[in-house]
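Which chain is which? The protein sequence lines are A and B, in order.
My numbering puts the first residue of the first sequence at 1, with every later residue one more than the last.
My numbering puts the first residue of the second sequence at 1001, with every later residue one more than the last.
We put the CB at the ideal spot given by N, CA and C, even for glycine.
Worksheet: the structure to be examined is printed underneath.
Number of protein chains: 2
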Amino acid sequence: MNSELEKAHDYFIETAGRLSKSMGLNEIAGQLYALLYLSPEPISLNEMVGKLKISKASASVNIRALEGWGAAKKIWVKGNRRDHYIADRDVWKIASNRLKVGLERRISEANGAVGQVEKMLKDSEKKFNDENKKLARTYMERIKTVRKMSERLEKLLKLLPTDLLE
Amino acid sequence: MNSELEKAHDYFIETAGRLSKSMGLNEIAGQLYALLYLSPEPISLNEMVGKLKISKASASVNIRALEGWGAAKKIWVKGNRRDHYIADRDVWKIASNRLKVGLERRISEANGAVGQVEKMLKDSEKKFNDENKKLARTYMERIKTVRKMSERLEKLLKLLPTDLLE
DNA sequence: ATATTTGTTCACTTTGTTCTGAACGAATTA
DNA sequence: TAATTCGTTCAGAACAAAGTGAACAAATAT
């Protein structure tokens, strides 16, 4: 194997891993994806283990994560009983979808909690003494602002695919 | 202190911490911001320590991170020599800016590396034998696609503030 | 039937991050 | 001037996340 070529290959993969990690995804998942992305041929679990110098366990777990995200898919290779994988090379689609899904989940969780806080404040409003009533008003008002914003964000996310990602 | 009120208050802060953490920021930073966000009064380091049950060290480090992001600012309180802080309550501005800056840094790093890989391939192109020449072509083509995409993303990020964040 | 190959799962270790307590210097008060 | 109050820094403890090896079950080959 030409070592210059291999160096470039490996550096690309390393970079993908770093990026993946810094984006809150798994480093090995990023490396695996880059490996598949570059390869003209489908790749087996064992080859992943060999090329990335990782354990079979990691390869197994992470390739299935990629599968789950629609970033890789299993493919049948004639006369070979090992699982082979290829990348869906539409990086943009995959990355933006990851981002979108991740944001949506977080926002919706936060929204749920914020809604609960609002409910708590409303429900016990009558029990507050004057001092606390004033404070509760401040809280309500400010929390409402937050909820408004996050609703706005949710809408924005729903909008994203058609406007920006096609 | 009315305990219902306090519960709502604390739950809001807890939620902010969780969200902050899940977004790759620091949990305490999120809690601190939420604390300041709700408070009608400026808050001192010691009060943060007391209300969030954290160490002075954490409070100090994280409040300055918030300051650096423009999410909190120091304020002078008459007759008190402690530092007091208030939140900039424009959550949208702060959050979107964080997101933007974070993405920009990562993308630009990745871009640098990808550019280098392209250079490596080009530079050593002549030395490849036929087999590798073909492989190198595949790499180049695919990596170029990635670069195009990330350039697109960079542009999109530059565009963001005016279009979406007004 | 037995042996081998293959991918998955899980308990454990390793690695990296975050938080804290203690020590410190600067500023303020007595 | 000495004592106290503050905020910062830093080494190390506590914690969380990720990767590994070994055991396993399923499929295939001998």
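Practice item. Measure the alpha-carbon distance for A/Val-101 versus A/Arg-18 and round it to whole angstroms. Key: Each residue's Cα considered, the two are about 21 Å apart.
Review point. On the three-state DSSP scale, how would you describe A/Ala-71?
Key: Taken through DSSP and simplified to helix, strand or coil, A/Ala-71 comes out as coil.
Point to revise | Where A/Ile-86 sits in the DSSP three-state scheme | key: In the structure shown, A/Ile-86 sits in a strand (DSSP, three-state: E or B).
Review point. Shortest alpha-carbon distance to A/Glu-118 belongs to which of A/Phe-128, A/Arg-137, A/Arg-106?
Key: Nearest C-alpha to A/Glu-118: A/Arg-137.
Exercise for review: Could you tell me which chain A residues have their CB closer than 8 Å to the CB of B/Leu-1135, listed as they occur along the chain?
Suggested key: Simply Leu-5, Pro-40.
Check your understanding: When the Cβ atoms of the segment 1106–1114 of chain B are set against those of the segment 1088–1095 of chain B, are three or more pairs found closer than 8 Å?
Key -> Result no; under three Cβ-Cβ pairs closer than 8 Å.
Check your understanding: Can you tell me whether DSSP reads B/Ile-1094 as helix, strand or coil?
Key -> Here B/Ile-1094 carries a helix assignment [DSSP, helix/strand/coil].
**Study point:** Exposed unless 16 or more other CB atoms sit within 10 angstroms - verdict on B/Leu-1165
**Key:** At B/Leu-1165 the pLDDT is 47, less than 50, meaning the model places this residue with poor confidence and gives no usable figure here.
**Study point:** Of the residues A/Ser-55, A/Val-146, A/Asp-10, A/Arg-81, the one placed nearest A/Leu-36, counting alpha carbons only
**Key:** When only C-alpha atoms are compared, the closest one is A/Asp-10.
Check your understanding: Is there at least one Cβ from chain B nearer than 8 Å to A/Asn-26's Cβ?
Key -> Not closer than 8 Å to any Cβ of chain B, the Cβ of A/Asn-26 fails to qualify, so no.
Point to revise | Proximal residues of chain B, C-beta to C-beta of A/Val-114 below 9 Å | key: By Cβ distance, chain B contributes Phe-1012, Thr-1015.
**Study point:** Element boundaries [alpha helix (DSSP H), containing A/Ile-13]
**Key:** Taken as a continuous stretch (DSSP letters only), the alpha helix (DSSP H) holding A/Ile-13 covers 3–22.
Exercise for review: With 9 Å as the limit, tell me which residues of the segment 1063–1092 of chain B have their beta carbon closer than that to any beta carbon of chain A; keep them in chain order.
Suggested key: Those residues of the segment 1063–1092 of chain B that come within reach of chain A (Cβ to Cβ, closer than 9 Å) are Arg-1089, Val-1091, Trp-1092.
**Study point:** DSSP beta-bridge partners of B/Ile-1043
**Key:** B/Ile-1043 pairs with B/Tyr-1085.
Check your understanding: What do you get for B/Gly-1050, buried or exposed, if any count of 16 or more other CB atoms within 10 angstroms of its CB means buried?
Key -> Per the 10 Å Cβ criterion, exposed.
Exercise for review: Look up B/Gly-1079 in the DSSP assignment and say whether it is helix, strand or coil.
Suggested key: When DSSP states are grouped into helix, strand and coil, B/Gly-1079 belongs to the coil group.
Exercise for review: Go to A/Asn-132, then tell me how far its alpha helix (DSSP H) extends in each direction, as first and last residue.
Suggested key: Secondary structure note for A/Asn-132: its alpha helix (DSSP H) is the uninterrupted segment 130–160.
Practice item. Assign B/Leu-1159 to one of two classes, buried (16 or more other C-beta atoms within 10 Å of its C-beta) or exposed (fewer than that). Key: By the neighbour-count rule (16 or more Cβ atoms within 10 Å), B/Leu-1159 is not buried but exposed.
Exercise for review: For A/Leu-45, decide whether its Cβ has a neighbour in chain B, counting only Cβ atoms nearer than 8 Å.
Suggested key: A/Leu-45 does not count as touching chain B.
Exercise for review: Taking the CB atoms as reference points, tell me whether B/Leu-1025 and A/Asn-132 lie closer together than 8 Å.
Suggested key: Going by C-beta atoms, B/Leu-1025 is not nearer than 8 Å to A/Asn-132.
Review point. Exposed or buried, what is B/Asn-1080 when buried is set at 16 or more other beta-carbons lying within 10 Å of its beta-carbon?
Key: By the neighbour-count definition (other C-beta atoms within 10 Å, threshold 16), B/Asn-1080 is an exposed residue.
Review point. In whole angstroms, what is the alpha-carbon distance linking A/Thr-153 and B/Asp-1123?
Key: Per the sequence shown, the amino acid found at residue 153 of chain A is Leu instead of Thr. One C-alpha to the other measures close to 46 Å.
**Study point:** DSSP state of B/Lys-1053 mapped onto helix, strand, coil
**Key:** Collapsing the DSSP output to three states places B/Lys-1053 in coil.
**Study point:** Residues that B/Leu-1121 contacts on chain A, provided the C-beta gap is smaller than 7 Å
**Key:** Ordered by position in chain A, the residues that pass the 7 Å Cβ test against B/Leu-1121 are Ala-8.
Review point. According to a CB-to-CB cut-off of less than 8 Å, which residues of the segment 1097–1111 of chain B neighbour chain A?
Key: The segment 1097–1111 of chain B vs chain A, Cβ under 8 Å: Arg-1106, Glu-1109, Ala-1110.
Practice item. Mind listing the chain A neighbours of B/Met-1048? Cutoff is C-beta to C-beta under 8 Å, in chain order. Key: In chain order: nothing, as chain A lies at least about 18 Å away.
Review point. Are the C-beta of B/Ile-1143 and some C-beta of chain A separated by less than 8 Å?
Key: Chain A, which has a Cβ nearer than 8 Å to the Cβ of B/Ile-1143, makes this yes.
Point to revise | Spatial distance of B/Ala-1071 from A/Arg-82 (CA atoms) | key: So the two alpha carbons sit approximately 53 Å from each other.
**Study point:** Alpha-carbon to alpha-carbon, B/Ser-1039 and B/Arg-1147
**Key:** Taking the straight line from one Cα to the other gives about 46 Å.
Practice item. Classify B/Glu-1151 as buried or exposed, calling it buried when 16 or more other Cβ atoms lie within 10 Å of its own Cβ. Key: Looking at its Cβ environment, which holds fewer than 16 other Cβ atoms inside 10 Å, B/Glu-1151 is exposed.
Point to revise | Backbone CA spacing between B/Ala-1008 and A/Thr-145 [nearest angstrom] | key: Going from the Cα of B/Ala-1008 to the Cα of A/Thr-145 covers about 16 Å.
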